Each structure stands twice: as C-alpha cells, then as structure tokens.
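Okay, so here's the structure we're looking at.
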C-alpha cells in the first residue's frame, strides 16, 4: 500500500495538475485530481465537464493541466471521452506505416482515460451521457467531485444536495427549509449498469482514494468514483476542508466503500459513529435547521436516512461476500 | 502577459503549452501565511498532500521541503491537518 | 451493373452516402437512429459487421452524445463522422456549435427533415438552416450521386480548411429513392482522400494540449475572428478540391449549378431535389420560347455571394424558393440572394427578388406550382416585399 510520502512524491514528480489555478482558497478538488491522476500513471487523457474544475483550471491562456485535456460542454464529459477512447482503439488497430507521427508513438502505449465532473454535471445534466458510456462498457474512469450543488454558478440545488441544505434555488426561508428531498444515490445507478467497479471516496483520505483509483484504472471497462469535495459554499471555517470531510465519514453521512466486481467492501468503519448533527452544525448551509422544531425534524430525518443507508451498506457487504 | 492578436494564438481556442498557470502567482490572494516550526515537524507529508496549491515540496528522501508562497492562497488546511501542530498561520504583510 | 466499365449501382441517397463513408473508412463513427437518416448508419453498420471497414463504432444513446463522441474522437486525431436529421440535429445543436469552435474537420451527412412541433418525418430544410451560422461548411445535394460525391469533397475541404461539414440531401425524396449511382473505384477514391494527419491531436501524449478552455472577454473574440478569417478560403478550396475530384469522377463541382440561366429573364433559385422538378418546367417553358432558368446553389455556407450575383445579375427577376421559413423575416436563401445582389450591384440596375416558401413538412412540389411561380415572375405579378407561400391551403 502506498504511503503518504510516496503518494506526495508521485504527485510532485508527475506534475499533471499545476499550481496557479483560480479555484477558491481551501478547495478540495485539486487534491482529488492530483491523487486520481497519480493513480492513472504517466499516459492519461482527461475529459472535463463544465464546472468549477474546468473553469478555474483553464482560464485562457493559462492551463493547470500537464496532461492532454478536453472540455466539450456541461453534460457530455463521458460521451466525449468515449470518442477519445474509440479514436485510441482505432489507432491501436492500424498498421504503423499508415499512422501519422503521433499515432506511431501512441501505438502500443497503454493510455488511461478519465473524466471529471461535478455533481451537477454527473448526477443531473450529464447522467444520460454517463449512462450511455457505462452501458457500452467503455474503458474509462469517471470521477465525480461531489460538492452537493452547482457551485460554479454560485450554489444552486442539484440532485446531490443534501436534505435541508440551503442553496440559492432552494433557499432556507420561513416556509421552506432548504432542499426538501433526499440525495440521489449515484453509485446505485452506476451499479445498475453491471460495471466492474464503483467506489465512494473523500478528500480527507487520499490514500484510500488512491487505492480505489488504482483499482478502477486496473479494470477492463468503466468505473465510477464519487468523491466528497467540501466547498467554501458549505460556509465552513477556513482551513476545515479536510476536517469536515473526515466528520462526514465518521458520521457515516459519507461512508467510504467500494463495490468491486459486485462485492461490497466498506473501506472505513468509524470506531464510534458520530451523530449527523456533528456534520451539519459546522456548516452555514444547515444553520437554519438548528433554529426551530421544523429544522430539528429535518435533522432527525437526515439521521434516519444516514442510519438506513449505513445499515444497508453493512448488510450488502455481508450479503455480497457470502460464500 | 501582453494580449496576443488573432494571428498570434493557435486556432480552435487550444492552449498548446501545458501548465501555463504557473505564470499565475496566486500567492497574492493570501491574507494569512503558514509558518512551520522546524523543530516540531515530523515530515509525515500530510501538509504536502493537503495543500490545494501544491505549495509544499517533498524531497527525494521523503522529508518536507520548502513552502512556495508564490502560490499559497492562505487557506490554512496545512495548519489544521498537521498532526503535531508544527504549522501556524500568521498575518501576511 | 457494370456499364462501360463503370460501377453503377441502384442505390438510395442514404446508401450512396454510406458508400462514401465506407470508402473514407473513418476512425470513429457515432450512430443513433432518426428517420429518415437511419438507413445511412444501418448500411454503414452492416459494412462494419461484414469487415469492410475498420472504424470504431460508438452506438450512443442520443444525438447529443453522437456529436459529443465525434468531437472527442476528431479532437483525438482520427477522421470522425456521424449522420442525423431534424430533431436529432436540434438535440445536438450545442455540440454542433462547439465543433467548429475547436476547428475539427468532422463530416456529417444530414438528411433534411422538418422540425417539431408538430412532429413530421418528411422533408424540409428547417433543420440544417437552423445551423447555418454555426461555422459548418454546408453543401446541398440534388441527387444520390451528388450526395455521394459531395461527402467525399466535403471531407477534403474540411481537412484543408479545418471546419466541419454538413452534406445535405432531401429526406425520403433522395434518401429513400433508388437511383443509378456511379461508385468510383476504392483505390482512386482513397488516393483522392489521402492519409489523414490531424493538426492538433489530443492523443499526442508528447505535447499535452488543453482543448476547450474558458476564454473570456480578452480572447474569445480573437478566436471567433480566426473562424471568420478561416472561412474566407473555403470557396477557393472547394473549387480546387473539386477539380481534383473531377479527375477521378469526370464530373464537375461548381459552387452552384446554372440551368439555362445565361439569357434567362426569370431565374428560379432552389436547393436540392426540387431543382430537378424545376428543370423539367424550364424545358417545357423554353420550348414555348419563354426565357427562364434555374440556379441550384450547392455550397450554401460559405455563401458564394459574388459568384451567384454574376450569374444572375442580367435577369429581370429572380424567384427564390426556400424549403424553410424564418417567421417574421425573409427565409434564409431569399435573404442571401437579396444580400448577394445588393452588395455587388455597383450602381447597376438589379433584378427584383421574389421570395417563395414551399414544401414544408414534405408537402409535394408539383410542376404546376413552379409554372405558376414562373408565370407570376414573367408577368410582373409578384410582390418583392412579401413572402408567397406555395401549395398551402390558405
């Protein structure tokens, strides 16, 4: 297993995602991106959905990317990557003498394909494109950096926004206390395509994320990794990006797990499962829930849902690993 | 960087050089900067991995290197993540 | 059917285009069904299953993903194609706009069909007309033969000028009707097409490119201006590449086809298959001593304003027949003809331009409709300030 030092060295040697980008101070996705690309190895092609990552890393004429990178539109990171992968497959089939210089050099090189999208570009507008690519069995890894809202446009509700969170399109008010629906379960949808690997990771545990990414890239066929990516729009104290992510795992709001060839494995089990309040309280987007009885009910509903999913996950782990 | 004309830039909106963002010294965003107490540092690399700006170098021998304040936005994650409290955020003047 | 050593096959317009695709042997083809385009991708899929092409086929879940995958493949550095019609073209519109922005030489056969709502599967040109300002080369084809050859020409033109091309044919009328089509030898066509060397392949791992970045107020306009300038060479290149193709096929590739226009007093301008019907009327009227002619534009984007002006400026009156409309404005072809005449007249007396809209949703165009248009043009019974809708129950 890779150590933090080894991972840090690998990232800095690869220089796949450079400094100088315009993401907010304390943003989580740079660490996620660097870790995923380190696991992908030297030859990697990136497709990026419209979103914070795309916008802040490529303000012309500046790019943070040290690897081939393409952004098409918001909802088609997966389909765009399918095209790139198909082009790669076509080149692999050709006689070397028929290929232009880049093709000759590409031939017999193993290239990894990775797509990055936010939760808006993945759970919502990009879901169809992603589903198509998963169903076709294209050989790529899709990484969702999940900050639970459309953060690039200023914190609008997505189907990944947590129950009760206040966003600008479902703001907390007197009548409505933020989002009134539960989060969509992206990974269950991904799994319904019978793909070899899905995983949930979080930015505070980059070693766990690296291991998952390595596994994802080793599979023939698609893999999906949903990574918790805390955001300043959660209205958290400066510098607490990793801390809030850790609390998300310790409350089991955001369990760390994988489903490898149909077998569930919870990769982190908190020694003491904290109450979900511990996750909600430090965040401004939930502060209205702590003001009255109505809010308390939403917290209770959130806890119930967290418990249900956590139990389900543990049962699935037992069930899918039975002899 | 001087603004180029339509004849001076590649067609198709392509950026044909990698990592040109290194020309953007985002360090001027910061209000706070990290100060490391070398006597406390255990070289665990946690701060290195936790830095969104990839400011903190790791050396070949696995020891922590210098902090490149040219890119540090002063977010303070490194200070929060340091397991031995070796990093303090101070006002950047 | 080999006649005089020619390989002449009974093919529909769709099959003819699929033949061109087989000869091109693209690296990637994304396919999604939509009437009346479907037979193109079906025919190509059969070629693929029979091992006649080594293309990677991506069977996408929508036209939006079709164009997205084709953009990704083309940027990656291989020849990439898809085909569509009508609402399919509308659904992919966003990515249709992105493709010329990245200067990718995608070639897309479009089988023209009316656009919803109401839903209608038959021919009109509303679909591709809605894309005319996006930065695609647009070539309209009258026959299956033309659709086949235009596809080959478009490929070279796109790769030379680094803009994508749409090659149009009329839904059902051309796409589903069998004609005798001469298919030229694979070896000659492949020699004409040549090997493909992409300008900026994303898959060049030694030179990592950033494709599709954010350009704000400081650079976006420069990139768009490059496109405006880049489009300027297309008319000349079309002619040059057409001459090369002539050497293989023996056919000519003019920017437009003039039929008895040299001494014509009244000229009708119409795209695609309807030009065939119109030519028959011209035959009849010429026998009656009436000086009428037809001009059929082939290259529609870029629009050859000057060349068309020169071909029609001597006429007394021009009738422009559009198979699409622009609510509240003159339809696309009529607008372009009016611009062509008014920007090149240099103080000379200019012909009147009368605008007609016909054939929406596949409404048949009869010879009598064309006769009545010619009659009104020849007898000064037209109104240049209004659009006349032909063949509709008013």
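Chains as they are written, first to last, in the numbering used here: chain A, 237 to 559; chain B, 773 to 865; chain C, 669 to 1062. The C-beta atom is built at its ideal place from N, Cα and C for all residues, glycine as well. Since the structure is predicted, the reported quantities are computational estimates derived from the model, not experimental observations.
- Residue range of the unbroken beta strand (DSSP E) whose run includes residue 380 of chain A: 377-382
- Cβ-based neighbour list, residue 386 of chain A, same chain, cut-off 7 Å, excluding 5 preceding and 5 following: 356, 392, 394
- Message: Give me the chain A residues within the contact set of residue 722 of chain C, using Cβ-Cβ distance strictly less than 9 Å, ordered along the chain.
- Response: 326, 329, 330
- Of the residues A:322, A:239, A:303, A:318, which one's Cα is nearest the Cα of residue 834 of chain B? A:239
- Query: Got a sec, what are the start and stop residues for the alpha helix (DSSP H) residue 754 of chain C sits in?
  - Reply: 754-759
- Residues of the stretch 335-348 of chain A with Cβ closer than 9 Å to any Cβ of chain C, in chain order: 335, 336, 337, 338, 339, 341, 342, 345, 347
- Task: Identify whether residue 675 of chain C lies in helix, strand or coil by the three-state DSSP scheme.
- Result: strand
- Message: Starting from residue 1023 of chain C, trace the beta strand (DSSP E) in both directions and tell me its first and last residue.
- Response: 1020-1026
- Message: How far does the alpha helix (DSSP H) with residue 319 of chain A in it extend, from its first residue to its last?
- Response: 313-329
- Task: Compare the beta carbon distance of residue 819 of chain C and residue 688 of chain C with 7 Å and say whether it is the shorter of the two.
- Result: yes
- Message: Can you tell me whether residue 796 of chain C is helix, strand or coil according to DSSP?
- Response: helix
- From residue 276 of chain A to residue 1012 of chain C, what does the alpha carbon distance come to, in whole angstroms? 59 Å
- Message: Is the beta carbon of residue 685 of chain C closer than 7 Å to that of residue 777 of chain C?
- Response: yes
- Which residue from B:792, B:809, B:817 puts its Cα closest to that of residue 836 of chain B? B:817
- Would you say the stretch 714-728 of chain C touches the stretch 300-309 of chain A, given that touching needs at least three Cβ pairs under 8 Å? no
- Message: Going by DSSP in three states, residue 418 of chain A sits in which element: helix, strand or coil?
- Response: coil
- Task: At 3 residues or longer, and completely inside the stretch 712-743 of chain C: list those beta strand (DSSP E) runs for me, N to C.
- Result: 724-727
- Message: Going residue by residue through the stretch 931-1014 of chain C, where are the continuous beta strand (DSSP E) segments of at least 3 residues, counting only ones entirely within it?
- Response: 934-938, 960-965, 967-969, 985-990
- Please check if any C-beta of chain C sits within less than 7 Å of the C-beta of residue 778 of chain B. yes
- Item | Cross-chain neighbours of residue 788 of chain B in chain C, by beta carbon under 7 Å | 877
- Query: Using a Cβ-Cβ distance under 7 Å, would residue 296 of chain A count as near chain C?
  - Reply: yes
- Item | Between the CA atoms of residue 854 of chain B and residue 445 of chain A - distance to the nearest angstrom | 20 Å
- chain A contacts from the stretch 748-775 of chain C (Cβ-Cβ distance under 8 Å): 748, 762, 763, 766
- Would you mind sorting residue 874 of chain C into buried or exposed? The rule is 16 or more other CB atoms within 10 Å of its CB. exposed
- Message: Based on DSSP bridge pairs, tell me the residues matched to residue 493 of chain A.
- Response: A:436, A:502
- So, is the C-beta of residue 442 of chain A closer than 7 Å to a C-beta in chain B? yes
- Secondary structure at residue 842 of chain C, three-state DSSP: helix, strand or coil? coil
- Inter-residue Cα distance where the pair is residue 245 of chain A and residue 722 of chain C: 42 Å
- May I have the straight-line CA-CA distance separating residue 742 of chain C from residue 526 of chain A, to the nearest angstrom? 53 Å
- Message: Using a Cβ-Cβ distance cut-off of 7 Å, determine whether residue 669 of chain C contacts chain B.
- Response: Because residue 669 of chain C sits at a pLDDT of 47, beneath the cut-off of 50, its placement in the model cannot be relied upon, and the point is left open.
- Message: Tell me the rounded alpha-carbon separation between residue 690 of chain C and residue 717 of chain C.
- Response: 12 Å
- Query: Taking buried to mean at least 16 other C-beta atoms within 10 Å of its own C-beta, is residue 669 of chain C buried or exposed?
  - Reply: At residue 669 of chain C the pLDDT is 47, less than 50, meaning the model places this residue with poor confidence; the figure from the coordinates comes in the next sentence. Answer is exposed; the Cβ neighbour count stays below 16.
- Task: Would you mind working out which of C:771, C:877, C:822 sits nearest residue 306 of chain A, comparing C-alpha positions?
- Result: C:877
- Query: Of all the options A:375, A:377, A:449, A:425, which has the alpha carbon lying nearest to the alpha carbon of residue 367 of chain A?
  - Reply: A:425
- Message: Once DSSP output is grouped into helix, strand and coil, what is the label at residue 388 of chain A?
- Response: coil
- Chain-order list of residues whose beta-carbon lies under 7 Å from that of residue 408 of chain A (same chain, five-residue window excluded): 402, 414, 524
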